Amino acid sequence: MRSLIAIAAMGVLLIGGLFATAPASAAVGADNVKSITIEGGDSDHRSKLVIKFPGAGLSKSKASGLRHALTRGQVRNQRLADVLQCGQKIGRMDNNGYFSIALYCGAPGTSTLPWGYKISPELRAIITGLVAERGMAWWQNGQARPWNAPHVVSPDYQFHGTLGPVWWGDDIDYNDFYVFRVNVGGQTGTGTLTTAGTVQVRQ
Numbered sequence: 012m013r014s015l016i017a018i019a020a021m022g023v024l025l026i027g028g029l030f031a032t033a034p035a036s037a038a039v040g041a042d043n044v045k046s047i048t049i050e051g052g053d054s055d056h057r058s059k060l061v062i063k064f065p066g067a068g069l070s071k072s073k074a075s076g077l078r079h080a081l082t083r084g085q086v087r088n089q090r091l092a093d094v095l096q097c098g099q100k101i102g103r104m105d106n107n108g109y110f111s112i113a114l115y116c117g118a119p120g121t122s123t124l125p126w127g128y129k130i131s132p133e134l135r136a137i138i139t140g141l142v143a144e145r146g147m148a149w150w151q152n153g154q155a156r157p158w159n160a161p162h163v164v165s166p167d168y169q170f171h172g173t174l175g176p177v178w179w180g181d182d183i184d185y186n187d188f189y190v191f192r193v194n195v196g197g198q199t200g201t202g203t204l205t206t207a208g209t210v211q212v213r214q
């Protein structure tokens, strides 16, 4: 699985300096939290959300409330098969959103993997402005393929794209990167969200 390697650096370079922030620190002072990280998923598909608060940061109580709101007080994940066959669609939900991917089988050399991603309602509730998506990157049996198109859209947008063409026996790795501004109780910050995983195309 090569999905999370160097993704943050690639995403920031492609999206540009508009959303750039200073390096995260765990906390400032006794009560101020500068960075919150929420991870979800399993070995087949996973996501990682990082929210950075410059300046004064969040109080510990606000940070705790935010973490609880974004996770509903629990870790939400499902382990579903990472093997796709013709006409099969799988979905994976964790704290940060819902990812789905399907295998559409056509004539030889035309089969594709359409995918979709929806940011969780809890996360959308604190996002202000637009979300900049880098565009899905993917690898076919270890070989890099052209990325899907980037988007700068509303946080309630249904992100989607298609990987392909794919063939029987292919191992597909993928990852995507999102950047956005947040507001929590009047404190603004920058969020980055990484999604990544692997599927196997089998007859």
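Per my numbering, the very first residue in the sequence shown carries number 12; after that it's consecutive.
Each residue gets a CB set at the ideal place from its N, CA and C atoms; glycine is no exception.
Here the structure is a predicted model, which is why all the values come from computation and not from measurement.
Per the DSSP secondary-structure output, N186 pairs in a beta bridge with A148, A207.
Taking the Cα of A118 as reference, the smallest distance to any Cα among W179, L134, S111 is reached at W179.
CA-CA distance, G51 to T173, rounds to 23 angstroms. Between K100 and the set C116, I49, N107, the nearest pair of CA atoms involves C116.
In the three-state reduction of the DSSP assignment, S165 falls in the coil class, being assigned neither a helical nor a strand state. Between T201 and Q214, the alpha-carbon positions lie close to 43 angstroms from each other. Exclusion of the five residues before and after S70 leaves D42, N43, V44 as the residues of its chain whose Cβ lies within less than 8 angstroms of its Cβ. The beta carbons of V210 and D93 sit closer together than 8 angstroms.
Beta bridge pairing from DSSP links H56 with G208.
In terms of CA proximity to W150, I183 leads the group R192, Y168, A136, I183. The three-state reading of DSSP puts R103 in strand, counting E and B together.
The continuous alpha helix (DSSP H) containing A80 extends over residues 71-82.
Of all C-beta pairs linking the stretch 126-134 to the stretch 73-82, three or more are shorter than 8 angstroms, placing the two stretches in contact. In terms of CA proximity to K59, F188 leads the group S165, V212, R192, F188.
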